[in-house]
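Residue numbers (full-length UniProt numbering): 1 to 286.
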């Protein structure tokens, strides 16, 4: 009898603690709407928490050009019309971006395949322009991957692609400008104040929501393959967006990849099997 009473008391105590924790959790969500934002839910294959740009609409995955269409962006020799693969994505001319970057003098960074410039386009919108080295076949492939993927992926925690340029032998990607730069600069540069624990948790949740959309909201699923602090960008309110989809792969779940070139220290070297779990491993491998 005594033992039964003790067990009942313990169960009641556990139930009380669970109820208190649940109430506290709900209060935290009410106080912080950013944490309350839901993970994307698919409705007929479309993300329910999606944020679409003014010029784009959600759509089925475009057909990826075959290997013999590698230079479609440069010389238009592919029989397929590249414009049909990029509905809704504005295409800028070389002159447009030359003017927007003040003759390419506004350098704000250097990527693996070329410099990045700050620019103001004709709509008065501030953007970041990544110029790719056209001598690099890998750079050209990454350009195609970025345009084709970001042309159909729309989520508040993924970087937007307002436009691109494939003109006069030049390949350029036009991204939304992220005021607070990348996460790496806030983690490793002394010029920035240390991030609070609460903000670190918020950023981690933002990245997780972006990856959840790529893995379960995109059709077909997308594995990013190069998640690292420098590929997490922060806007004016320190909300995080996953960027740099040049290494990403579509519909390769449970397939072996031998030519993925992720950043050393973040790429999971022992395993060449790239799945949705690989992106999580990238986050913690270093």
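No residue lacks a Cβ here, since even glycine has one placed at the ideal position from N, Cα and C.
Can you tell me where the alpha helix (DSSP H) holding residue 292 begins and where it ends? Examination of residue 292 is not possible in this model, given that the chain is present from 1 through 286 alone.
Alpha carbon to alpha carbon, what distance is there between residue 17 and residue 11? 10 Å
Could you tell me the alpha carbon to alpha carbon distance between residue 204 and residue 133, rounded to whole angstroms? 32 Å
Beta-carbon proximity list for residue 184, same chain, < 6 Å, skipping 5 on both sides: 229, 230
On the DSSP letters alone, give me the boundaries of the alpha helix (DSSP H) that residue 198 sits inside. 197–212
Go to residue 184, then tell me how far its alpha helix (DSSP H) extends in each direction, as first and last residue. 183–188
Go through its chain and collect everything with a Cβ distance to residue 236's Cβ below 6 Å, but skip five positions before and after it. 179
Among 157, 124, 121, 107, whose alpha-carbon lies nearest the alpha-carbon of residue 213? 157
What is the rounded straight-line gap between the Cα of residue 167 and the Cα of residue 148? 17 Å
For residue 130, list the residues DSSP reports as bridge partners. 116, 173
In chain order, what residues of the same chain lie with their CB nearer than 6 Å to the CB of residue 80, ignoring the 5 residues before and after it? Since pLDDT at residue 80 reaches only 43, below the 50 mark, its modelled position is unreliable, and no value is offered.
Ordered along the chain, which non-local residues of its own chain (more than five positions away) have a Cβ less than 6 Å from that of residue 261? In this prediction, residue 261 has a pLDDT of 42, which is less than 50 and means its spatial position is unreliable; nothing more can be read from the coordinates.
Does the count of Cβ pairs from the segment 93–103 and the segment 112–123 closer than 8 Å reach three? yes
Going by DSSP in three states, residue 161 sits in which element: helix, strand or coil? coil
Which whole-angstrom value is the C-beta distance of residue 193 and residue 240, which I expect to be below 8 Å? Not confirmed; about 17 Å, so no contact.
Can residue 89 and residue 163 be called in contact, C-beta distance under 8 Å? yes
Assigned secondary structure, residue 17 (DSSP; H/G/I helix, E/B strand, else coil): helix
Looking only at C-alpha atoms, which of 143, 153, 104 sits nearest to residue 222? 153
Distance between residue 15 and residue 129 (C-alpha atoms, nearest Å): 55 Å
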